[in-house]
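Here's the structure we're looking at; comments come further down.
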Amino acid sequence: MIEIIVAILVLIGVALALISAFGLIRLPDVYTRSHAATKSATLGVLVTIIGAFLFFGLSEGVYSVRLILGIIFVFLTAPVAGHLICRAAYRSGVSLSKESVQDDLEPILGNEEERRAKK
62 MIEIIVAILV LIGVALALIS AFGLIRLPDV YTRSHAATKS ATLGVLVTII
112 GAFLFFGLSE GVYSVRLILG IIFVFLTAPV AGHLICRAAY RSGVSLSKES
162 VQDDLEPILG NEEERRAKK
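In structure tokens:
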């Protein structure tokens, strides 16, 4: 029964990683691609690592601290990295795709660019 649960978790993780890969290929700009990479890829990796943790913990009796640290590390760093990449892209002037209907940062960061230009 444990192997079935672990297999289901690993398959869900692989499916989420595959969805993330399709998102990276199909989405139009860096902002939406970053969203695909940080959301579904992070979930895919987390579900896969949780499956490995449960397998080794329940069937082998070994609870790995490395897997727990891997789960925590991926959970904390991937969304932060995605946010910083999008922030750097926006501040360096990478334009939104044509399909984007709203730019919520323009009123806020547009003033920042004017202040830099005055210096």
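The opening residue of the sequence shown carries number 62 in the numbering used here; numbering runs sequentially from there. Cβ coordinates follow ideal geometry from the N, Cα and C atoms, glycine included.
Out of R152, A97 and E64, the CA that lies nearest to the CA of A78 is found in A97. DSSP places V162 in no alpha helix (DSSP H); its state is neither H nor E. With a minimum length of 4 residues, the unbroken runs of alpha helix (DSSP H) contained wholly in the stretch 84 to 171 fall at 91 to 115 and 126 to 152.
R94 counts as buried, since at least 16 other C-beta atoms from the protein chains shown sit within 10 angstroms of its C-beta.
Looking at F116, V126 and R148, the one whose alpha-carbon comes closest to that of L70 is F116.
Rounded to the nearest whole angstrom, the C-alpha separation of K100 and E167 is 24 Å. Counting C-beta pairs closer than 8 Å gives three or more between the stretch 82 to 94 and the stretch 152 to 162, which meets the contact rule.
Short of 6 Å from the beta carbon of G74, and not among the five residues preceding or following it, lie these beta carbons of its own chain, in chain order: G105, V108 and T109. Distance from the CA of A149 to the CA of G143, rounded to the nearest whole angstrom, comes to 10 Å. Straight-line measurement puts the Cα of A139 at about 29 Å from the Cα of I63.
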